[in-house]
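To start, the structure itself, in structure tokens.
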Amino acid sequence: MMLTLGIAAGGEAPAQQATPLNPTNFGLVSPQPQSELPQSATPPQQAVRKPKRPVRALLEPSGAASWVLSDGWELAQTDQLVGSGGSLFDPAYDTSAWYNAVVPGTVLTSLVEAGVYPDPYYGLNNLSIPDSLCRTEWWYRIRFPQPQDAAGRRAWLRFDGINYRADVWLNGRKAGTVDGAFTRGVFDVTGLLSAENVLAVKIRPPHNPGIPHEQSKAAGRGPNGGQLCLDGPTFISSEGWDWIPGIRDRNIGIWQDVTLEFTGDVTLADPQVITDLPLPDTSYADLTIRAEVTNHADEPRRAVLRGTLDGGAGFSLPVELAAGETRTVSCTPAECPALRIAAPRLWWPNGYGAQELYTLQLAVEQDGVRSDAEQVRFGIRELTYELSVDTPAGEELRIDFAPTNDLCGGEMPFDSFHRRPAGDGVVVPALKPGIDVSRLRRLENDGAAPFLVLRCNGVRIFCRGGNWGMDDGMKRVSRERLEPAFRLHREEGFNMVRNWTGESTEELFYALCDEYGMLVWNDFWLSTEGYNQNVNDEELFLANARETVRRFRNHPSLAVWCPRNEGYATPTLEPRLAALVAREDGTRFYSPNSRYMNLRTSGPWHYLADESEYFLRHAFGFSTELGTPSVPTAETMRKFIPEADRWPISDTWYYHDLHFGLPEYCEAVDALYGKAESLDDFCRKVQLINYDSHRAMLEAWNSRMWNSTSGVLLWMSHPAWPSLEWQTYSWDFETHGSFYGCRKACEPLHVQMNPHDGQVLVVNTTRDALMHGRVLATCYTPAGKRLGRQEAALQEIAANAVTPAMAAVLPENVECYMVRLELYVDGKRVSVNDYLRSPGRDFTALNRLAQVRLRARRMARQDDGRATAVRFEVSNPSAVTALAVKFNVRDGRTGEAILPAYISEGYIHLLPGEKRMVEAECASCEGAVLSAEGYNLERQTLLEL
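My numbering puts the first residue of the sequence shown at 28, with every later residue one more than the last.
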């Protein structure tokens, strides 16, 4: 069935006037009354101050002539220094009262690590940390020696990220300032550096930190953000949102690396690698290398730009620079034939192919001596974008926009102030006057119009993934902390993440997206138009945006730039930001809104009791937000909720974000599965709801793939702290029901059943068509007795498409039953999908099932000293079905779950006598065991790893 929007043809409705909406949310103007603050039977934990460690600078090599200042930092509040005597720039200055500082890290990270404040993620501890931290200026200080063999070279200090503003002083002289959280500070310190050095950085907080709203049952979820939005570019959610509390320092500090570098007189900056494929042909790729080259000397310099790809093919280009000149140098296959790559290894989003990456080594030389060098990792791929647009004359076109080739005079060709309604809140832009339409690749309208469709290497990508509100609420963003999240996204079958309001804008985020095949929808630092405040300083915003685009434009994962969450940029900012993206990037689409323009509106975000609503009302277009609550396991909740607050539901639950859709969600537990009597009982039952609701959202979009749907991003996939609301795994990387519901719906070959009409569909999101398919639909009682079976043969399963299989015939007059769908290809089962169904929405029969025990045997094991991987066969020898079986890797001595662990199956139903192959992987751990538990299965140890 094709979904028809209210208005589908160009010219049938006039374009809307592009009238900006005035902000209405200023946040709190005074703290909440005591009666509205969350209450707990457990007082906050008492922090235990740690002895100060000896301070010794560590210069960690990061290149042939660069060092990261990674240890030896100290931190002090500015007020503490008044009257302390001496100069903090003096190497002999007494810092005994200073704190050891974590760099990279925030002020709060350092203070928690030093034992000044308790862990803000536990219980209501965050309330015991003063909000004055974000209204205070702070000093960071480090003493370090000059590296050997640096004499005679230019010295540079580079700050990759501070928040919010900083004054940088080296040996008592000011080197410069850094303004905004997402810009770099690069300072020539050649004349300031000495054998022994004192670097001091004064951190100045944002002007409008706001007052956090503290979530409780009495106060509700409160406003999303407030005054801090005025100070973008910064981490606007750290004032508090409905998925994170107010972070007491607003994440100020030196949150990214500080590097000392040495060069000659000629330097490189921000090299860009542009990859161009002659689509639909992918047999070769043309690379264009651009780099900014600067001569810092007082006289002309001759230099040579040299590059090699993966240590093999090389190229060179002579460059002559006047004194003080900066020039952008470009190298194409016309000048350097080595830049035409035959049979390139292509980068693909997850599920569509491998994530192949290349390394460019680029150097500039003077008289045969290296002056400066940069290393760039990139992928060969080309993104294009299907969308509907109007011509100035009012004709609607469907085009495949290829920014690498289709930018007109270096500008985006779209007029985003033209907003013609296309039905259901969707609007369509127009081409700017004077655009040569013949240059654009026109497409026939199909079911995807008027919505955005992303293509990679000429192939339509069915985008499924989730929003990241922030990588970590305290900006602890090491690879060790972040990589498991991306691995879990890949395991879920996701291929896109949204960097919501740019809160996760850092190199590692994009690098991991490259490695794990996650396309990135990248917002800048504005939130909801007509609600959240617009920024006070648009020049500062644009300066940080320019830096962001130039720094991260080589990442193949980065797919879309967007000015704000839920709305358009201001009329003064919008055209300048669009032009900036076209000028500084030139290879990606700029979407002027995260909803409405060629996109579906966002939401809903609450629990829907009837899954059919997703299929009948919400599944159309490309949606950047769709969510439902997601309470984790009881085991996870015990890690951050004190015992007295765990049951019944308390203010600590509300403080950890359980609010949106809470009544419907919690009532569903009692109504569907019987009244919950304890934390464990609630969490056991709610995982069935989590699994079904997350699977339903994604399967709704699957059901109309390319027949109006082209992408859906869950709100949210990743938690920024221990949350009970929107997430597909929990903050400790435990994978609860939501994770496995997503994983099931997003498997590359998938069989599913629509809840509203019983249609059974085969969803193939791979690039390969398959022959000789067979679908089985079998109904069982909860105990496992077979009620009936249907079968359908499929001659072909089309590539990147949905293939109808049959209409399921479901049992009548049965209180509760299970429908099992199975997909076979060439006799091999490639997908199994179970649905628990009850016409009267009463699943209490499940509570009467007998308890079961499982068996398992190990089939294969690998251990390289870092990770252990096992494949095992689990079987159910019992006479009844084992429901919602969850596996964990555990420490055999303590019983604690070892996380993260990557396990291929979870919350599965094992029929009597059934066997299933499961794979598990985790960090190597002596004495690890594999456990299983389920709805009618007490936790048991299955085998030793």
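Where a beta carbon is used, it is the ideal one built from N, C-alpha and C, also for glycine.
Work out the CA separation of residue j and residue i for me, nearest whole Å.
{"i": "Leu553", "j": "Cys161", "result": "20 Å"}
{"i": "Glu726", "j": "Gly280", "result": "43 Å"}
{"i": "Asp303", "j": "Asp433", "result": "12 Å"}
{"i": "Tyr682", "j": "Met780", "result": "37 Å"}
{"i": "Asp550", "j": "Leu937", "result": "43 Å"}
{"i": "Arg514", "j": "Arg875", "result": "38 Å"}
{"i": "Asn153", "j": "Gln73", "result": "12 Å"}
{"i": "Ala959", "j": "Tyr692", "result": "26 Å"}
{"i": "Val216", "j": "Ser531", "result": "30 Å"}
{"i": "Gly38", "j": "Glu423", "result": "Unreliable placement is indicated for Gly38, whose pLDDT of 42 sits below 50; the coordinate value is still reported in the next sentence. Their backbone Cα atoms lie some 8 Å apart in a straight line."}
{"i": "Val356", "j": "Ala296", "result": "11 Å"}
{"i": "Pro598", "j": "Pro47", "result": "7 Å"}
{"i": "Arg506", "j": "Asn377", "result": "20 Å"}
{"i": "Ala349", "j": "Asn322", "result": "7 Å"}
{"i": "Ala671", "j": "Glu752", "result": "21 Å"}
{"i": "Gly500", "j": "Thr663", "result": "18 Å"}
{"i": "Leu30", "j": "Ser730", "result": "Confidence is the limiting factor: at Leu30 the pLDDT is only 35, short of 50, which leaves the residue's position unreliable and the question unanswerable from this model."}
{"i": "Thr792", "j": "Phe478", "result": "19 Å"}
{"i": "Cys483", "j": "Phe647", "result": "21 Å"}
{"i": "Glu471", "j": "Arg425", "result": "6 Å"}
{"i": "Leu410", "j": "Asn526", "result": "18 Å"}
{"i": "Trp125", "j": "Glu101", "result": "6 Å"}
{"i": "Glu601", "j": "Arg80", "result": "49 Å"}
Could you name the residues of the same chain whose beta carbon sits closer than 8 Å to that of residue i, not counting the 5 residues immediately before and after it, in chain order?
{"i": "Ser221", "result": "Gln173 and Asn198"}
{"i": "Ala457", "result": "Ala42, Val416, Asp417, Thr418, Pro419, Phe441, Asp442, His445 and Arg447"}
{"i": "Gln967", "result": "Arg880, Leu881, Ser958, Ala959 and Glu960"}
{"i": "Glu823", "result": "Ala796, Leu797, Met798, Gly800 and Thr830"}
{"i": "Asp541", "result": "Trp374, Gln382, Leu384, Arg404, Gly406, His582, Pro583 and Ser584"}
Would you mind giving the Cβ-Cβ distance between residue i and residue j, rounded to the nearest angstrom? I have them listed as a contact below 8 Å.
{"i": "Met545", "j": "Asn522", "result": "6 Å"}
{"i": "Val713", "j": "Val658", "result": "5 Å"}
{"i": "Ser264", "j": "Ala330", "result": "That pair is no contact at about 45 Å."}
{"i": "Leu389", "j": "Pro298", "result": "5 Å"}
{"i": "Glu565", "j": "Cys773", "result": "In fact, because the Cβ distance is near 39 Å, the residues do not count as touching under 8 Å."}
{"i": "Arg168", "j": "Val225", "result": "7 Å"}
By Cβ distance below 6 Å, which residues in the same chain neighbour residue i in space, the five residues on each side in sequence not counted?
{"i": "Thr386", "result": "Asp337 and Arg404"}
{"i": "Cys843", "result": "Pro809, Ser865, Phe870 and Ala872"}
{"i": "Thr755", "result": "Ser744, Ser765, Phe766 and Cys769"}
{"i": "Ser650", "result": "Arg627 and Val739"}
{"i": "Asn251", "result": "Trp268 and Asp269"}
Ignore the nearest five residues each way along the sequence and tell me which others in residue i's own chain have a CB closer than 7 Å to its CB.
{"i": "Glu510", "result": "Leu539"}
{"i": "Tyr641", "result": "Leu635, Ala723, Met724 and Ala727"}
{"i": "Glu965", "result": "Gln878"}
{"i": "Trp742", "result": "Asn494, Trp632, Glu652, Leu653, Gly654 and Trp753"}
Determine the extent of the alpha helix (DSSP H) in which residue i is found, giving its start and end residues.
{"i": "Pro511", "result": "Arg506 to Glu519"}
{"i": "Pro430", "result": "Pro430 to Asp433"}
{"i": "Met724", "result": "Leu706 to Ser730"}
{"i": "Arg666", "result": "Sequence check: residue 666 is Lys here, not Arg. Where Lys666 is concerned, the enclosing alpha helix (DSSP H) stretches over Ala661 to Phe667."}
{"i": "Gln107", "result": "Thr105 to Leu108"}
{"i": "Leu567", "result": "Glu565 to Phe579"}
According to the neighbour-count rule (16 or more other Cβ atoms, all chains shown, within 10 Å of its Cβ), is residue i buried or exposed?
{"i": "Ser465", "result": "exposed"}
{"i": "Asp292", "result": "buried"}
{"i": "Arg888", "result": "exposed"}
{"i": "Glu900", "result": "exposed"}
{"i": "Met845", "result": "buried"}
{"i": "Lys913", "result": "buried"}
{"i": "His763", "result": "buried"}
{"i": "Asp784", "result": "exposed"}
{"i": "Thr908", "result": "buried"}
{"i": "Glu839", "result": "exposed"}
{"i": "Asp637", "result": "exposed"}
{"i": "Pro345", "result": "exposed"}
Under DSSP, the beta strand (DSSP E) around residue i begins and ends at which residues?
{"i": "Lys855", "result": "Lys855 to Arg864"}
{"i": "Val300", "result": "Val293 to Asp303"}
{"i": "Trp166", "result": "Trp165 to Pro172"}
{"i": "Glu542", "result": "Counting along the chain, Glu542 falls outside any beta strand (DSSP E), though it belongs to the alpha helix (DSSP H) covering Glu534 to Tyr543."}
Quick one: does residue i have its CB under 9 Å from some CB of chain D?
{"i": "Tyr385", "result": "Given the protein chain composition of this structure (a single chain), no chain D is represented."}
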